[in-house]
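Just below is one structure, and these are the notes that go with it.
Residue numbers (the UniProt record's numbering): 1 to 159.
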């Protein structure tokens, strides 16, 4: 690669540089804590990868959003009311509500519960924030911003 191959004519990055030499030490500590710099399995502590993976689905983003704003404990019914209030379809038939309820009770809530981001009591139909719930707030903000950016890009291309 020559200087002319780079956008500003600057020297190309050195291939013999120490990995992460331009990354702040605090960032490296976070990466190390999350196991990014290791081949060891995740120790189950909070890690951005886990948060982003869970927040990749809009259903789980809605759970965390509602819990952070209305929590620390909400009922399944309150969550579903919130889901339908955020829906732009305007359709809340009994069959639709049952289908959405099953999606939350069978997939989204158990996944968040298994990772420790919420506590979900199926019998009482209660969803409670945990110590890890608040940790998701910055990642939720990034996910929502990304979703809005993607949606506005789609709308622009549709026109």
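Backbone N, C-alpha and C define an ideal beta-carbon position, used for all residues, glycine too.
Note that the coordinates shown come from a computational prediction; the quantities given were computed from them, not determined experimentally.
Simplified DSSP assignment, three categories, for residue i
i           : result
residue 119 : strand
residue 99  : helix
residue 147 : helix
residue 133 : coil
residue 87  : coil
Residue i - containing beta strand (DSSP E), residue span
i           : result
residue 129 : 126-129
residue 73  : 73-75
Assigned exposure category for residue i - 16 Cβ within 10 Å defines buried
i           : result
residue 142 : exposed
residue 65  : buried
residue 148 : exposed
residue 133 : buried
residue 107 : exposed
residue 177 : Any property of residue 177 remains undetermined from this structure, which presents the chain solely from 1 to 159.
residue 129 : buried
First through last residue of the alpha helix (DSSP H) which encompasses residue i
i           : result
residue 66  : 58-70
residue 50  : 48-55
residue 111 : 109-114
Proximity of residue i and residue j at Cβ, strictly below 8 Å
i           : j           : result
residue 79  : residue 104 : yes
residue 54  : residue 112 : yes
residue 70  : residue 139 : no
residue 127 : residue 83  : no
residue 136 : residue 120 : no
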